[in-house]
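Novice: Would you mind keeping the following structure in view while I ask a few things?
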Amino acid sequence: MTKEDTGAADRPRTSWRRLPAGIWALGFVSMLMDISSEMIHALLPVYLTVGLGATALAVGVIEGIAEATAAITKVFSGALSDRIGRRKELAALGYGLAAVTKPVFPLAPSLGWLIAARFVDRVGKGIRGAPRDALVADLAPEGLRGAAFGLRQSLDTFGAFLGPLGAIGLMWAFSDDFRSVFWVAVIPAFLALALVLFAVREPARPEGLRRVRAPLSRAELGLLGPTYWWVVAVATLFTLARFSEAFLILRAQAGGLPLMLVPLVLVGMNAVYALSAWPAGALSDRGGRIGLLALGLCLLVAADLVLAFAGGLGGLALGVLIWGLHMGLTQGLLSALVAEAVPAELRGTAFGMFNLVTGVALLLASVIAGALWEAFGAEGTFLAGAVFATVAAAGLPPLARRQAAARPAPGPTG
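Basically our numbering = 1-based index in the sequence shown + 631.
Below you can see the structure in the form of structure tokens.
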């Protein structure tokens, strides 16, 4: 066995050691902020309606405005990070805005204050998203981008798993005192801010890297290239197929799961998601991303079919766990594909546009899913998801051919 062969064989066992400290730090930053945010967001709809007397319509308007704001902000923050040639400052600003809003939730005397806090929190999410993902790509060693994005996604999702569980436990410990739980949620948010400020170091800008003056101009967007836009198209169809996880909760309720146990649907899904994202990313660095992405789409089709037709709580549990596995096999890989398809100086813009388009697709998917649910029930919604996933899978072979055509030809061997 040659030295090169030995290195390749050892890579699965050592890839986690080869990831820079900054990648790990960004992963733990995401985890801590998700613990804080999900601890609040798991309780916020109930707190708004029960504690402050808001209507369900008001809750929907607040959430819709908040998420739309985050999606739009991502485009401009990603482009700005390309223009100034720096990522960390914008990522830190986004995490900082999210952190300073957290004390508002327990202190808010009225609904208006909570609306403002939620709005600023989502602005912070929008500001940090694209620069952070571009920073992960900048920090990741060549050949380990899948592992890097998979690790960050795993830790982020682990935070989404711990947050609701923490909220449940703290509500029990504090005898259903919402404000006390919200105060505890402040702590991980400021720990995340401290970590991004002091533990993440931006790599030096490579010499000769082109300066970008107008990232959102037609000329610069054209430089993102056809492979990138093909990734965006596949991801958009994929997003239409998976819609909001809120429909998993509706399926659980329709399937007879007691209301107090309904949050376990997202807990179980996020547990599988967190456990699978990092191994999937590392495996994609060795065997290619398109094959794993195709497997993820097949799993989504399987999850949709199970959730459409399987009866009982056993079928529900199986469908939810397969759904979580498909998320782990796809979300980090899509980020790695974006990073590898574009010039290094335009990664922020690329992630911003990607997040905007897929964010709009998720909104459309949820509207379509809701309409199908009203007209045809759960079966119609999940069958439509399976159809969209199949269409998205049809876009993978052309994407693989474009990747192969863009890959540099191997040099002569000695």
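A virtual CB, placed ideally from N, CA and C, is assigned to each residue, including glycine. Just so you know, these numbers come straight off a predicted model, no measurement behind them.
Considering only their Cβ atoms, is the gap separating alanine 967 from arginine 978 smaller than 8 Å?
Specialist: Within the sequence shown, numbered from 1, the residue matching residue 978 stands at position 347. Within the sequence shown, numbered from 1, the residue matching residue 967 stands at position 336. No, the pair does not count as a contact, with Cβ atoms beyond the cut-off.
Novice: For threonine 980, collect the residues of the same chain with a Cβ closer than 6 Å to its Cβ; drop the 5 residues on either side in sequence, then sort them by chain order.
Specialist: As a working mapping, residue 980 is identified with position 349 in the sequence shown. Excluding residues within five positions, the ones whose Cβ falls inside 6 Å are Gly709, Ala710, Asp713 and Pro846.
Novice: Would you kindly check if the distance between the Cβ of glutamate 1010 and the Cβ of alanine 939 is under 8 Å?
Specialist: On the sequence shown, position 308 is the one that residue 939 refers to. On the sequence shown, position 379 is the one that residue 1010 refers to. Yes.
Novice: Are three or more beta carbon pairs between the segment 879-891 and the segment 754-765 nearer than 8 Å?
Specialist: Short answer: they don't touch.
Novice: With three or more C-beta pairs closer than 8 Å as the rule, is the segment 851-861 touching the segment 954-967?
Specialist: As far as the Cβ criterion goes, the segment 954-967 does not touch the segment 851-861, which means the pair count is below three.
Novice: Given this structure, state the Cα-to-Cα distance separating alanine 941 from glycine 899, to the nearest angstrom.
Specialist: Here residue 941 corresponds to residue number 310 of the sequence shown, with the count starting at 1. Here residue 899 corresponds to residue number 268 of the sequence shown, with the count starting at 1. Those two C-alpha atoms are separated by around 18 Å.
Novice: Please return the same chain residues whose Cβ sits closer than 6 Å to the Cβ of alanine 1031, not counting the five positions on each side in sequence.
Specialist: The residue labelled residue 1031 in the question sits at position 400 within the sequence shown. Taken in chain order, the residues that qualify are Ile921.
Novice: Name the residue from Ala864, Ala729 and Met662 whose alpha carbon lies nearest to the alpha carbon of alanine 1025.
Specialist: In the sequence shown, the residue the question calls residue 1025 occupies position 394. Closest by alpha carbon: Ala864.
Novice: Cβ of alanine 908 within 8 Å of Cβ of glutamine 784?
Specialist: In the sequence shown, residue 908 corresponds to position 277, counting from 1. In the sequence shown, residue 784 corresponds to position 153, counting from 1. For alanine 908 and glutamine 784, yes; Cβs fall inside 8 Å.
Novice: Say whether the segment 1000-1009 touches the segment 718-738, bearing in mind that this needs 3 or more beta-carbon pairs closer than 8 Å, one atom from each stretch.
Specialist: The segment 1000-1009 is not in contact with the segment 718-738.
Novice: Which same chain residues, not among the five before or five after proline 1043, have their C-beta less than 7 Å away from its C-beta?
Specialist: Here residue 1043 corresponds to residue number 412 of the sequence shown, with the count starting at 1. Its pLDDT being 43, under 50, proline 1043 is placed unreliably in this model, and the value from its coordinates should be taken loosely. For proline 1043, where only same-chain residues beyond five positions count, there are no Cβ hits under 7 Å.
Novice: First and last residue of the alpha helix (DSSP H) that includes phenylalanine 813?
Specialist: Position 182 of the sequence shown, counting from 1, holds the residue named residue 813. Unbroken alpha helix (DSSP H) run through phenylalanine 813: 809-829.
Novice: Please report how far the alpha carbon of alanine 738 lies from the alpha carbon of arginine 810, in whole angstroms.
Specialist: Here residue 738 refers to the residue found at position 107 of the sequence shown. Here residue 810 refers to the residue found at position 179 of the sequence shown. Per the sequence presented here, residue 738 reads as leucine, with alanine not at that position. Leucine 738 and arginine 810: Cα-Cα distance of roughly 8 Å.
Novice: First and last residue of the alpha helix (DSSP H) that includes alanine 934?
Specialist: Sequence index remark: in the sequence shown, residue 934 carries index 303 (1-based). Start and end: 920-940.
Novice: What three-state label does DSSP hand serine 741 in the structure shown?
Specialist: Against the sequence shown, residue 741 aligns to sequence position 110. Three-state result, serine 741: coil.
Novice: Apply the 10 Å Cβ neighbour rule to alanine 1000 and answer buried if 16 or more other Cβ atoms are within range, or exposed otherwise.
Specialist: Here the question's residue 1000 lines up with position 369 in the sequence shown. The residue in question, alanine 1000, is buried, as its Cβ has 16 or more Cβ neighbours within 10 Å.
Novice: By the three-class DSSP mapping on this structure, what secondary structure does serine 966 have?
Specialist: Locating residue 966 in the sequence shown gives position 335, counting from the first residue. Residue state, collapsed to three classes: helix.
Novice: Could you check what DSSP says for glycine 757 in three-state terms: helix, strand or coil?
Specialist: Numbered from 1 along the sequence shown, position 126 holds the residue referred to as residue 757. Helix.
Novice: Is there contact between the segment 766-779 and the segment 948-957, where contact requires at least three CB pairs shorter than 8 Å?
Specialist: The segment 766-779 vs the segment 948-957: no contact.
Novice: Hey, out of Asp935, Leu892, Gly919 and Val843, whose CA is closest to alanine 872's CA?
Specialist: As a first step, residue 872 must be located in the sequence shown, where it is residue number 241. Answer by Cα proximity: Asp935.
Novice: Output needed for aspartate 828: all residues of its chain with C-beta closer than 8 Å, excluding positions within five of it in sequence on either side, in chain order.
Specialist: If you number the sequence shown from 1, residue 828 lands on position 197. Here residue 828 is leucine; the residue named in the question, aspartate, does not match the sequence. Here the set comprises Ala723.
Novice: State whether the segment 655-671 contacts the segment 785-804, with contact taken as three or more CB pairs (one from each stretch) at a distance under 8 Å.
Specialist: Yes, the segment 655-671 is in contact with the segment 785-804.
Novice: Is it buried or exposed, glycine 932, if we count other Cβ atoms within 10 angstroms and call 16 or more buried?
Specialist: Against the sequence shown, residue 932 aligns to sequence position 301. Residue 932 is actually valine in this sequence, not glycine. Buried is the call here.
Novice: Can you tell me whether DSSP reads glutamate 1005 as helix, strand or coil?
Specialist: On the sequence shown, residue 1005 is found 374 positions in, with the first residue counted as 1. Helix at glutamate 1005.
Novice: So is alanine 779 buried or exposed if we call it buried at 16+ other beta carbons inside 10 Å?
Specialist: Counted from its first residue, the sequence shown places residue 779 at position 148. It counts as buried.
Novice: Going by other Cβ atoms of all chains shown within 10 Å of its Cβ, with 16 needed for buried, is tryptophan 861 buried or exposed?
Specialist: The residue you call residue 861 lines up with position 230 of the sequence shown. By the neighbour-count rule (16 or more Cβ atoms within 10 Å), tryptophan 861 is buried.
Novice: For the alpha helix (DSSP H) that threonine 961 lies in, which residues bound it at each end?
Specialist: Along the sequence shown, one-based indexing puts residue 961 at 330. Here threonine 961 belongs to no alpha helix (DSSP H), and DSSP marks it neither H nor E.
Novice: In this structure, does DSSP put glycine 1045 in helix, strand or coil?
Specialist: Here residue 1045 refers to the residue found at position 414 when the sequence shown is read from its first residue. For glycine 1045, the predicted structure reports a pLDDT of 39, less than 50, and the residue's modelled location is therefore unreliable. The matter cannot be settled from this model.
Novice: Could you check how far apart the C-beta atoms of glycine 716 and arginine 836 are, in whole angstroms? I think they sit under 8 Å.
Specialist: Residue mapping note: residue 716 aligns to position 85 of the sequence shown, counting from 1. Residue mapping note: residue 836 aligns to position 205 of the sequence shown, counting from 1. Yes, they are in contact, since the Cβ atoms of glycine 716 and arginine 836 sit about 6 Å apart, within 8 Å.
Novice: Over what stretch of residues does the alpha helix (DSSP H) that includes tyrosine 678 continue unbroken?
Specialist: Within the sequence shown, residue 678 is the residue found at index 47, counting from 1. Here tyrosine 678 belongs to no alpha helix (DSSP H), and DSSP marks it neither H nor E.
Novice: Can you name, in chain order, every residue of its own chain whose Cβ lies under 6 Å from the Cβ of valine 817, other than the five neighbours on each side?
Specialist: Sequence index remark: in the sequence shown, residue 817 carries index 186 (1-based). Closer than 6 Å at Cβ, skipping near neighbours: Lys733 and Pro734.
Novice: Using only the alpha-carbon positions, how far apart do leucine 1014 and proline 1029 sit?
Specialist: In the sequence shown, the residue the question calls residue 1014 occupies position 383. In the sequence shown, the residue the question calls residue 1029 occupies position 398. Cα-Cα distance, rounded: 25 Å.
Novice: Skipping 5 residues on each side, what residues in its chain have a beta carbon closer than 6 Å to that of arginine 776?
Specialist: Position 145 of the sequence shown, counting from 1, holds the residue named residue 776. Once the five neighbours on either side are set aside, the close Cβ partners of arginine 776 are Ala967 and Ala970.
Novice: For the putative contact between arginine 753 and alanine 823, defined by C-beta atoms under 8 Å, what is the C-beta separation to the nearest angstrom?
Specialist: The residue given as residue 753 occupies position 122 in the sequence shown. The residue given as residue 823 occupies position 192 in the sequence shown. Incorrect: roughly 16 Å between the Cβ atoms, too far for contact.
Novice: Judging by CA-CA distance, which residue of Val998, Gly946 and Gly839 is the nearest neighbour of alanine 975?
Specialist: Within the sequence shown, numbered from 1, the residue matching residue 975 stands at position 344. Selected option, being the one with the closest Cα: Gly839.
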